[in-house]
Each structure stands twice: as C-alpha cells, then as structure tokens.
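Below is one structure, written out as structure tokens; comments come after it.
In our numbering, the protein residues as written are 707 to 906.
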C-alpha cells in the first residue's frame with residue numbers, strides 16, 4: 707500500500723510540476739487554493755506553506771494579469787522570445803520544483819527528491835510545449851489566433867494541474883506525451899540537418 711501511495715504522491719507532484727512548466731500562474735493558484743482549503747493538498751505544516759498563503763496567491767494573479775497585458779502589447783511571439791518570456795519560463799520551472807517538493811513534504815517524504823523531479827518534469831513540459839507552439843505558430847497567419855496560443859496554454863496548464871491533483875497517476879501519461887513530442891522534434895531536426903548535408 708505504501709508503494710501505491712508513493713506512486714500517487716509522485717503523480718500529483720509530477721502533474722503539478724509539468725503544469726507549472728507550461729505556465730506557472732494558474733497551476734500555482736489552483737494548488738494554493740486547494741491546499742488552503744485542505745482539499746487533497748495541505749502544505750500548512752511544511753516548509754512550503756507559503757505556497758498556500760493568500761498574499762502569494764494574489765501575487766500570482768497579479769503577475770498573470772501583468773503578463774497578459776504585456777503579451778497583448780508586445781504580441782505573443784515577441785513576449786515569449788524576450789526577457790519577460792524568459793522570466794516566466796524560469797518562474798515556471800522554479801515553481802514546478804517547489805510544488806513537487808511541497809507534495810512530498812506534505813506526506814512526510816523527502817522534498818529534495820521533489821525539487822529535482824519537479825525541475826525535470828517542468829523542464830520537459832516546457833521544452834516540448836515550446837517546440838509544439840513554434841510549429842503551430844508557423845502554420846498560422848499573424849493575427850488573433852496566433853496571439854491566443856499562450857492563452858490556450860494557460861488553459862491546458864490548469865487542466866493538467868487538476869489532473870495531477872485529482873488523478874495523480876494520469877500525470878505519467880502527460881509526461882510520456884511530452885517526451886514523445888520532444889523526441890519527435892529532435893528527430894525531425896536531425897532529419898532536416900541530414901537533408902541539408904546531402905544537398906551540400
């Protein structure tokens with residue numbers, strides 16, 4: 707039973723970490739609200755209790771609003787490739803690590819494993835999504851649909867976070883999907899490079 711519980715906890719943490727890697731704001735708010743209300747999550751007696759503090763959650767909402775305004779002004783592509791996009795990406799990886807660690811700490815497991823696992827899960831999701839977004843954006847003409855892609859990613863991140871919390875083991879399917887996306891992108895890049903070498 708302990709092994710099954712551990713798999714469940716790892717699934718919860720991995721799902722939240724991957725969701726934060728996609729976009730940190732809504733997964734962080736969802737996890738914080740659930741922990742504050744003691745619904746599945748509860749970080750109160752851990753070193754990560756700040757993740758459910760109202761001030762932290764309000765800060766996340768404020769940063770989300772500011773990011774959406776900046777994205778609207780700059781355009782999604784310029785936002786994501788600029789310093790603001792890099793800051794959001796870094797925050798996503800960091801928050802993913804903290805959420806995974808908090809889940810393990812809640813269940814009296816080593817948070818250090820969560821920090822490492824969270825970094826890996828968040829980075830995997832972020833790299834896979836970045837490649838998919840680039841390919842999707844290339845197929846779309848400049849305009850509203852192209853700029854709305856980041857908003858769609860926010861929605862996906864929220865759904866993935868909910869799946870992680872309430873259906874922990876299902877997170878492993880999402881991670882496998884991200885891994886397949888990333889490997890597929892690298893294989894296509896390798897084939898393209900090989901084709902260019904042949905042409906030369």
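Just so you know, even glycine gets a beta-carbon here, dropped at the ideal spot from N, CA and C.
Quick caveat: nothing in here was measured; it's all calculated off a predicted structure.
CB of residue i within 8 Å of CB of residue j, strictly
i, j, result
"residue 715", "residue 810", "yes"
"residue 724", "residue 827", "yes"
"residue 793", "residue 785", "no"
"residue 730", "residue 801", "yes"
"residue 757", "residue 825", "no"
"residue 866", "residue 855", "no"
"residue 719", "residue 823", "yes"
"residue 754", "residue 808", "yes"
Distance between beta carbons of residue j and residue i, contact taken as under 8 Å
i, j, result
"residue 863", "residue 717", "No, residue 863 and residue 717 are not in contact; Cβ-Cβ is about 17 Å, not under 8 Å."
"residue 761", "residue 747", "Their Cβ separation, rounded to whole angstroms, is 18 Å, which puts residue 761 and residue 747 out of contact at 8 Å."
"residue 766", "residue 739", "The Cβ separation is near 10 Å, so there is no contact."
"residue 875", "residue 713", "6 Å"
Boundaries of the alpha helix (DSSP H) in which residue i is found, first to last residue
i, result
"residue 806", "789 to 812"
"residue 718", "708 to 728"
"residue 735", "731 to 742"
"residue 860", "855 to 872"
"residue 778", "760 to 780"
Reference residue i; option with closest CA among the options
i, options, result
"residue 834", "728, 708 and 722", "728"
"residue 798", "817, 818, 861 and 732", "732"
"residue 882", "859, 787, 830 and 823", "830"
"residue 768", "832, 841, 735 and 812", "735"
"residue 749", "868, 819 and 806", "806"
"residue 873", "721, 712 and 708", "721"
"residue 752", "890, 813 and 842", "813"
"residue 783", "818, 822 and 837", "837"
"residue 880", "832, 771, 789 and 892", "832"
"residue 770", "711, 860, 890 and 708", "860"
"residue 841", "709, 892, 779 and 819", "892"
"residue 711", "745, 868, 815 and 889", "815"
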